[in-house]
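Report on the structure given below.
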Ligand SMILES: [Zn+2]
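In UniProt numbering, the protein residues as written are 1 to 353.
What follows is the structure, given as structure tokens:
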């Protein structure tokens, strides 16, 4: 038996890793995996080795696999725990409310898909925002579906929680070939970090557009876009519609320019527990906009149901991708609030626009 045992193989892999031979480290770890099967930490290590040797797609695939394995492990632990607690007498205390996220937190490393840093952690939203909201009497502060106050920005690159989710999801649709790097991409109101990342991952036709921002490829009014019908393969329009006077018109324009059969990312700030959209495009007093809509240049505040119905009203199909889609461990790694939802729209194949 001259075959090296698993312990020796792992030790070799980590020596190679230390020495900066990431390609070799990945090969050895993959050999370990082929002999003993996958588990979360091994997949994670392979992902890091792939990442270090510059194979981003393979890395994302492996990170996703690691997250899924972690989620399975946490679920197994939770299920066992619930089972054990059911049998015990002291446990009439709502076993269904066990903090699954806490278990996932113990298992997860933090990961930022924009800068690729693992285990660097995230920074809380500056206290300034809370004070400002309180001063203006904005009563929905902290009830946003997405903004994770405790883990808002990446310690390494400053990317926000939603940018991390966008990059993670874009990586995964590229890996699954549901989106091509040859797609004509239009990024409205481009977030600087996410925009740099989009440029860096190799889209061959990536363009930016905005109403007021300098340095973009197209100066546009979202309610009347200067692009041909069915001419864009993928757009990102995040946190723009709440600034636009007539958002239905803007959504109709986004629908018009997208090629049938294509998906895109359409996000707005959504307040949990709000019954309907609160809006007043006529309101010009900045302090009043702060009080009602939480920002001096916002014209409305969305709730989920009405936002989705406006988007469907334009003809889009809408998918709400949440923690049950991405997995609790992935949300933990990315530092996302468990309520976070990604809104993916699709223009149906048979569209008469
Ligand atoms: Zn980062």
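Virtual Cβ for every residue (Gly too), placed ideally from N, Cα, C.
Check	Outcome
Three-state class that DSSP yields for residue 92 in the structure shown	Its pLDDT being 45, under 50, residue 92 is placed unreliably by the model, and nothing is read from it.
Backbone secondary structure at residue 285 - three-state DSSP	coil
Exposure label - residue 35; buried when at least 16 CB within 10 Å	exposed
Any non-hydrogen atom of ligand 1 closer than 7 angstroms to residue 156 Cβ	yes
Beta-carbon separation (whole angstroms), residue 298 vs residue 267, contact threshold 8 angstroms	Actually they are not in contact, since the Cβ atoms of residue 298 and residue 267 sit about 14 angstroms apart, beyond 8 angstroms.
C-beta contact flag for residue 346 and residue 316 at 8 angstroms	yes
Cα-Cα separation between residue 115 and residue 295, rounded to whole angstroms	29 angstroms
Distance between residue 323 and residue 338 (C-alpha atoms, nearest Å)	6 angstroms
Check: residue 336 C-beta below 7 angstroms from any heavy atom of ligand 1	no
Other residues of its chain near residue 125: CB distance less than 6 angstroms, five sequence neighbours each side excluded	149 and 152
Residue range of the unbroken alpha helix (DSSP H) whose run includes residue 195	192-200
Unbroken stretches of the beta strand (DSSP E), 3 residues or longer, contained in the stretch 249-333	263-267 and 317-321
Counted within 10 angstroms of its Cβ, other Cβ atoms place residue 137 as buried (16 or more) or exposed	exposed
Stretch-stretch touch, CB-based, cutoff 8 angstroms, three pairs: the stretch 116-135 with the stretch 171-181	no
Alpha-carbon spacing of residue 248 relative to residue 254, whole angstroms	10 angstroms
Same chain, Cβ closer than 6 angstroms to residue 207, neighbours up to 5 away in sequence not counted	186 and 217
Stretch pair the stretch 270-290 + the stretch 300-312: three plus CB contacts closer than 8 angstroms	yes
Straight-line gap, residue 241 to residue 61 (C-alpha atoms, nearest Å)	32 angstroms
DSSP three-state assignment for residue 341, whether helix, strand or coil	coil
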